[in-house]
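Report on the following structure.
Protein chains: 2
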Amino acid sequence: MPKSPWSVPVTEALHASGVRVADLDTNATPGFRGDKKAGELLLEERRAVLSGLQEKLYANGRSGDPRNILLVLQGMDTAGKGGIVRHVIGSVDPQGVDHAAFGVPSAQERRHHYLWRIRRQLPRGGQIGVFDRSHYEDVLVVRVHDLVPPDVWGKRYDEINRFERTAANAGTTIIKVAMFVSLDEQRKRLTQRLDRPDKYWKFDPADIDERAYWPAYQEAYQAVLDRTCTEYAPWYVIPSDRKWYSRLAVTELLIDALGKLDLDWPPARFDIAEQRRRLADL
Amino acid sequence: MPKSPWSVPVTEALHASGVRVADLDTNATPGFRGDKKAGELLLEERRAVLSGLQEKLYANGRSGDPRNILLVLQGMDTAGKGGIVRHVIGSVDPQGVDHAAFGVPSAQERRHHYLWRIRRQLPRGGQIGVFDRSHYEDVLVVRVHDLVPPDVWGKRYDEINRFERTAANAGTTIIKVAMFVSLDEQRKRLTQRLDRPDKYWKFDPADIDERAYWPAYQEAYQAVLDRTCTEYAPWYVIPSDRKWYSRLAVTELLIDALGKLDLDWPPARFDIAEQRRRLADL
Numbered sequence: 001m002p003k004s005p006w007s008v009p010v011t012e013a014l015h016a017s018g019v020r021v022a023d024l025d026t027n028a029t030p031g032f033r034g035d036k037k038a039g040e041l042l043l044e045e046r047r048a049v050l051s052g053l054q055e056k057l058y059a060n061g062r063s064g065d066p067r068n069i070l071l072v073l074q075g076m077d078t079a080g081k082g083g084i085v086r087h088v089i090g091s092v093d094p095q096g097v098d099h100a101a102f103g104v105p106s107a108q109e110r111r112h113h114y115l116w117r118i119r120r121q122l123p124r125g126g127q128i129g130v131f132d133r134s135h136y137e138d139v140l141v142v143r144v145h146d147l148v149p150p151d152v153w154g155k156r157y158d159e160i161n162r163f164e165r166t167a168a169n170a171g172t173t174i175i176k177v178a179m180f181v182s183l184d185e186q187r188k189r190l191t192q193r194l195d196r197p198d199k200y201w202k203f204d205p206a207d208i209d210e211r212a213y214w215p216a217y218q219e220a221y222q223a224v225l226d227r228t229c230t231e232y233a234p235w236y237v238i239p240s241d242r243k244w245y246s247r248l249a250v251t252e253l254l255i256d257a258l259g260k261l262d263l264d265w266p267p268a269r270f271d272i273a274e275q276r277r278r279l280a281d282l
Numbered sequence: 283m284p285k286s287p288w289s290v291p292v293t294e295a296l297h298a299s300g301v302r303v304a305d306l307d308t309n310a311t312p313g314f315r316g317d318k319k320a321g322e323l324l325l326e327e328r329r330a331v332l333s334g335l336q337e338k339l340y341a342n343g344r345s346g347d348p349r350n351i352l353l354v355l356q357g358m359d360t361a362g363k364g365g366i367v368r369h370v371i372g373s374v375d376p377q378g379v380d381h382a383a384f385g386v387p388s389a390q391e392r393r394h395h396y397l398w399r400i401r402r403q404l405p406r407g408g409q410i411g412v413f414d415r416s417h418y419e420d421v422l423v424v425r426v427h428d429l430v431p432p433d434v435w436g437k438r439y440d441e442i443n444r445f446e447r448t449a450a451n452a453g454t455t456i457i458k459v460a461m462f463v464s465l466d467e468q469r470k471r472l473t474q475r476l477d478r479p480d481k482y483w484k485f486d487p488a489d490i491d492e493r494a495y496w497p498a499y500q501e502a503y504q505a506v507l508d509r510t511c512t513e514y515a516p517w518y519v520i521p522s523d524r525k526w527y528s529r530l531a532v533t534e535l536l537i538d539a540l541g542k543l544d545l546d547w548p549p550a551r552f553d554i555a556e557q558r559r560r561l562a563d564l
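So the sequences go chain by chain: L and A.
So for the first sequence, the working numbering puts the first residue at 1; every next one is plus one.
So for the second sequence, the working numbering puts the first residue at 283; every next one is plus one.
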């Protein structure tokens with residue numbers, strides 16, 4: 001049997017339990033034995049595996065199975081959330097993807113509870129839902145910038161846990177991914193956006209302002225990991241200085257989650273011989 | 283200069299004007315000089331071109347440009363609408379895709395005007411919207427099966443034209459694609475769904491019932507093409523017995539539409555030198 005490219009299953013290597021955000025090596029490639037080239041080659045293979053499993057999930061959803069996957073992506077600007085959508089989610093059939101990006105809440109959204117807009121975007125049966133940012137912004141940017149008083153955001157961790165438990169009980173496999181780059185790597189990536197006219201549109205001067213709050217964000221992320229990493233909705237911490245690694249890691253997390261659903265093709269809900277006869281006649 | 287693989291631009295070769303649905307050769311490959319192998323090779327190249335253009339559209343949308351693309355897919359069962367989504371739309375970044383499938387209207391949808399659910403799914407600026415079936419079902423299945431009286435569906439053609447003109451004026455480039463397979467080809471594809479356990483889920487006995495209405499559907503499609511093929515929302519008729527051809531053709535239609543938007547990367551809306559200095563300091 002050929003040696004696995006992983007020394008430790010990715011769900012163990014990246015599990016948030018015990019992680020100290022401030023001490024994280026964002027350049028590491030936990031659990032993976034290979035280098036960039038090996039990682040990129042493997043990603044190509046695993047994208048195909050993911051696509052095959054996704055089709056089964058979709059088929060079951062179409063046949064009434066309520067189960068679905070929700071991938072929650074969190075991370076500072078430039079951490080690579082968009083790249084995950086493009087290169088990982090982009091490998092599966094768009095029909096089976098419910099993608100939602102949560103930016104600054106609109107006026108309408110602000111009139112509702114912060115989970116209102118989230119709940120509306122929960123994936124349907126058979127779908128892979130992707131949240132590019134999420135309800136966690138309500139305990140991250142909101143906490144860092146004092147957008148609501150501490151006793152308001154302070155209650156949200158438990159509320160989020162209850163919300164996620166309800167979704168999990170209804171058939172959603174929740175995979176939460178926190179992507180971390182170093183301050184230096186972020187500077188490199190932001191600089192690239194200033195150097196290349198095809199990247200200007202990705203640059204927002206406010207992203208630089210946020211760099212001053214880095215320690216506060218680390219603290220807020222630490223609280224998120226400490227208080228909302230649950231059995232039914234675990235956090236995985238992805239060192240993301242190396243894009244090839246973060247994409248491979250999230251691909252493996254999705255493959256693992258789909259594998260655990262133990263999906264088969266839905267059985268025929270009609271008499272095959274009868275339908276063959278009808279078809280021959282018509 | 284190398285010879286183009288197309289003898290006629292695809293927008294001309296496939297334009298619905300003058301098409302007689304009942305006489306259509308669904309096995310043809312209008313305008314394309316090559317065979318299946320050449321078509322499949324070309325598709326790979328053109329998928330990358332489409333993806334590049336789509337990124338520019340998305341970038342402009344993020345920068346406030348309201349323009350977007352709407353691809354409307356219509357066709358009898360097995361015509362290959364799903365394959366277009368998977369293999370054509372699947373080549374672009376999922377962040378830039380608004381996909382909507384319109385099945386039998388729900389109870390809630392039925393309480394509204396038939397365009398209500400359609401309007402809600404119109405693509406946002408920068409997005410490629412994909413309608414898998416659409417408001418045209420309201421003059422196709424509805425007409426064929428007398429779901430509403432003729433004087434009701436009869437008014438819808440003009441109403442749809444007005445609706446589409448409004449959307450076009452607001453910045454939506456509308457591309458409507460009618461995919462046609464022959465009755466024989468449909469039988470082959472339905473048979474395959476009965477032969478392969480990984481395809482059972484795609485089979486619906488009702489699809490066979492619909493075969494008895496083939497001439498009525500052809501007539502209803504003819505009326506759609508005759509009455510709703512407009513300058514601002516043209517129909518293209520895709521012979522779809524050959525999947526490689528239909529996928530290539532729709533890819534070219536999208537590339538053509540994106541090309542006509544004459545997109546450039548959005549300019550920097552900040553002082554680049556100033557942002558470089560700020561970034562060096564922080």
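Backbone N, C-alpha and C define an ideal beta-carbon position, used for all residues, glycine too.
query, result
"Beta-carbon proximity list for glycine 321 (chain A), same chain, < 7 Å, skipping 5 on both sides", "Phe314, Trp526, Tyr527, Leu530"
"contact_flag[the region 79-97 of chain L, the region 360-377 of chain A] where n(CB pairs < 8 Å) is 3 or more", "yes"
"C-beta contact flag for glycine 129 (chain L) and asparagine 60 (chain L) at 8 Å", "no"
"Residues that DSSP places opposite phenylalanine 445 (chain A) in a beta bridge", "In DSSP, phenylalanine 445 (chain A) forms no bridge with anything."
"Nearest-angstrom beta carbon gap, isoleucine 160 (chain L) and threonine 228 (chain L) [assumed within contact, 8 Å]", "6 Å"
"Beta-carbon contacts of threonine 454 (chain A) that lie in its chain and below 6 Å, excluding the five residues immediately before and after", "Asn350, Leu352"
"Contact with chain A by arginine 86 (chain L), beta-carbon distance below 8 Å", "yes"
"Closest residue to aspartate 466 (chain A) among A:Val292, A:Pro291, A:Asp307 (Cα-Cα distance)", "A:Asp307"
"Counted within 10 angstroms of its Cβ, other Cβ atoms place lysine 176 (chain L) as buried (16 or more) or exposed", "buried"
"Residue burial classification, aspartate 195 (chain L) (beta-carbon count within 10 angstroms, cutoff 16)", "exposed"
"Beta-carbon spacing of threonine 251 (chain L), leucine 50 (chain L) below 8 Å", "yes"
"Bounding residues of the beta strand (DSSP E) (the contiguous stretch that carries isoleucine 520 (chain A))", "517-521"
"Status (buried if at least 16 other CB within 10 Å, exposed otherwise) for tryptophan 398 (chain A)", "exposed"
"Minimum Cβ-Cβ distance from glutamine 275 (chain L) to chain A less than 8 Å", "yes"
"Contact set for alanine 233 (chain L): own chain, Cβ-Cβ below 7 Å, skip 5 residues either direction", "Glu164, Ala168, Ile174, Lys176"
"Proximal residues of chain L, C-beta to C-beta of glycine 385 (chain A) below 8 Å", "Ordered by position in chain L, no residue passes the 8 Å Cβ test against glycine 385 (chain A), which lies about 10 Å from the chain."
"Burial state of serine 299 (chain A) (16 or more Cβ within 10 Å)", "exposed"
"Close-in-space but distant-in-sequence residues of the same chain around valine 426 (chain A) (CB under 7 Å, 5 per side omitted)", "Tyr495, Ala498, Tyr499, Ala502"
"Neighbour list for glutamine 473 (chain A) in chain L, Cβ cutoff strictly below 8 Å", "It is threonine, not glutamine, that sits at residue 473 (chain A) in the sequence shown. Here the neighbours are Arg276, Leu279."
"Exposure of threonine 311 (chain A), with buried meaning 16 or more beta-carbon neighbours within 10 Å", "buried"
"Pick from L:Asp35, L:His99, L:Asp204, L:Asp146 that is closest to arginine 560 (chain A), judged by C-alpha positions", "L:Asp204"
"Proline 105 (chain L) versus aspartate 226 (chain L) - alpha carbon distance", "26 Å"
"Where asparagine 60 (chain L) falls: helix, strand or coil (DSSP)", "helix"
"Alpha-carbon to alpha-carbon, proline 479 (chain A) and valine 434 (chain A)", "42 Å"
"Inter-residue Cα distance where the pair is tryptophan 6 (chain L) and arginine 242 (chain L)", "17 Å"
"Identity of the residue in A:Gln468, A:Arg493, A:Arg328, A:Gly364 nearest aspartate 538 (chain A) by Cα", "A:Arg328"
"Per-residue contacts from leucine 564 (chain A) into chain L (C-beta, under 7 Å)", "Ile208, Arg211, Ala212"
"Closest Cα partner of leucine 43 (chain L) within the set L:Val21, L:Tyr58, L:Ile84", "L:Ile84"
"Cα-Cα separation, glutamate 210 (chain L) to aspartate 440 (chain A)", "52 Å"
"Among L:Gln222, L:Thr191, L:His99, L:Glu137, the one whose alpha carbon lies nearest that of proline 123 (chain L)", "L:His99"
"Chain-ordered residues of the region 356-382 of chain A with a beta carbon less than 7 Å from chain C", "The structure shown has no chain C; the protein chains it does contain are L and A."
"Distance CB(tyrosine 236 (chain L))-CB(proline 548 (chain A)) smaller than 8 Å", "no"
"Leucine 535 (chain A) versus leucine 339 (chain A): straight-line alpha-carbon distance, rounded", "15 Å"
"Sub-8 Å separation of serine 240 (chain L) and glycine 82 (chain L) beta-carbons", "no"
"Below-8 Å beta-carbon distance, aspartate 198 (chain L) vs any chain A residue", "yes"
"Through-space distance from proline 9 (chain L) to glycine 247 (chain A), alpha-carbon basis", "No answer is possible for residue 247 (chain A): the residues shown for chain A start at 283 and end at 564."
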